[in-house]
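Undergrad:
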Amino acid sequence: SSTPRPLVAGNWKMHGLSASLGEIEAVAGGYDAALREKVELAICPPATLLERASRLLAGAEIALGGQDCHERPSGAHTGDISAEMLADAGASYVIVGHSERRADHGESDALIRAKALAGLRAGLSPIVCVGETRAERDAGRASAIVEAQLDGSLPRRAAPDKLVVAYEPVWAIGSGLTPTPLDVAEMHAAIRARLVIHFGTGAAATRILYGGSVKAANAAELLRVKNVDGALVGGASLTAKEFLEIAEIYR
Ligand code: PEP
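Residue numbers (this note's numbering): 9 to 259.
Here is the structure:
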């Protein structure tokens, strides 16, 4: 099987009002046929913008994603959004297990696995986030932590090409700090090995994204590392110009 197109996904977090839809239009404007061949783009805006973004992007071949989903398809869960609702609003991806949700909402690996399964059930590709804290890395436990998160939060059975893993060291998110390319290479190799244990050789089709302070200035260095199949981008995805500059490294 051939290696999949890399994926650059933007995580807008809790940013974006109607006016930000212009940035999505601008990304579409710069995403020409040559670039589309080299890299897939996805934007995960707040859920309130999904439907309008989806209408704006009709025909633009930019994917949309949710930032979280409930594990059930529907029910008495005030304030929650199901994977089916995200799909209905035009999403094809859903981020699950982002460190901010693990921290702010106490999400466990088991819950994240249920959410990833919900995404698959609804026809979405889950982007399962894992990553160690600074203290865990300093203690030499980074790969053990990440492997345990993978073992606990990946669906046990899944088509590997429908699954995306994002390695996001917690200490690199929004901090301007990044691991060295060597550290990224080591972790992504460890993640690939773990995926092979779970899914067999088909695991070559699972994209492993790097996330944490990716910006135009460091994208080439971080994303050209072996086993890095794209990026999950937070802050630098909020403006079309910088988001496109990151994608441009694949041209
Ligand atoms: C993220 O939160 O997924 C992320 C990578 O954030 P940032 O790029 O802002 O560090």
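Don't be surprised by glycine CBs; every beta carbon is placed ideally from N, CA and C.
Let me confirm a value: Lys223 is counted as buried when at least 16 other C-beta atoms fall within 10 Å, else exposed. Which label applies?
TA: It is buried - the Cβ of Lys223 has at least 16 other Cβ atoms within 10 Å.
Undergrad: Assuming contact is defined by CB atoms lying nearer than 7 Å, are Ala91 and Leu132 in contact in what I supplied?
TA: Yes. Within cutoff.
Undergrad: Considering only DSSP beta bridges, list what Ser133 is partnered with.
TA: Ser133 pairs with Tyr101.
Undergrad: Mind pulling the alpha helix (DSSP H) runs of 4 or more residues that sit fully within the region 52-124?
TA: Those alpha helix (DSSP H) runs which fall completely within the region 52-124 and span 4+ residues are 55-64, 91-96 and 107-112.
Undergrad: Measuring only from the beta carbon, is Ile199 closer than 6 Å to any heavy atom that is part of the ligand PEP?
TA: It does not: the Cβ of Ile199 is nowhere closer than 6 Å to a heavy atom of the ligand PEP.
Undergrad: Since I believe Pro187 is in contact with Pro177 (beta carbons under 8 Å), could you give me their beta-carbon distance rounded to a whole number of angstroms?
TA: With 8 Å as the limit, Pro177 and Pro187 qualify as a contact, their Cβ atoms being about 6 Å apart.
Undergrad: For Val138, which three-state DSSP category applies?
TA: Here Val138 sits in strand by DSSP.
Undergrad: Less than 7 Å between the C-beta atoms of Tyr218 and Pro14, yes or no?
TA: Result no, Cβ atoms of Tyr218 and Pro14 do not sit closer than 7 Å.
Undergrad: Between Leu230 and Val241, what straight-line distance do the alpha-carbon atoms span, to the nearest angstrom?
TA: Roughly 12 Å separates the two Cα atoms.
Undergrad: Helix, strand or coil: how does DSSP classify Val241 here?
TA: The answer is strand: DSSP assigns Val241 an E or B state.
Undergrad: Given 8 Å as the limit, is there contact between the region 79-87 and the region 50-60, that is, 3 or more CB pairs closer than that?
TA: Cβ pair count under 8 Å is below three, so no.
Undergrad: How long is the line joining the alpha carbons of Asn235 and Leu64, rounded to whole angstroms?
TA: When rounded, the distance between both Cα atoms is 33 Å.
Undergrad: I'd like to know whether the C-beta atoms of Cys77 and Ala126 end up nearer to each other than 7 Å.
TA: Yes. Within cutoff.
Undergrad: What's the gap between the Cα of Ser183 and the Cα of Glu140?
TA: Looking at the two C-alpha atoms, the distance is approximately 14 Å.
Undergrad: Are the beta-carbon atoms of Gly98 and Ser62 separated by less than 7 Å?
TA: Yes. Within cutoff.
Undergrad: Give the secondary structure of Ala167 by DSSP, where H, G and I count as helix, E and B as strand, and everything else as coil.
TA: Ala167 falls in the coil class under three-state DSSP.
Undergrad: Arg202 and Val172: beta carbons closer than 7 Å?
TA: Result no, Cβ atoms of Arg202 and Val172 do not sit closer than 7 Å.
Undergrad: Asn19 by DSSP, collapsed to three states: which one?
TA: It is a strand residue.
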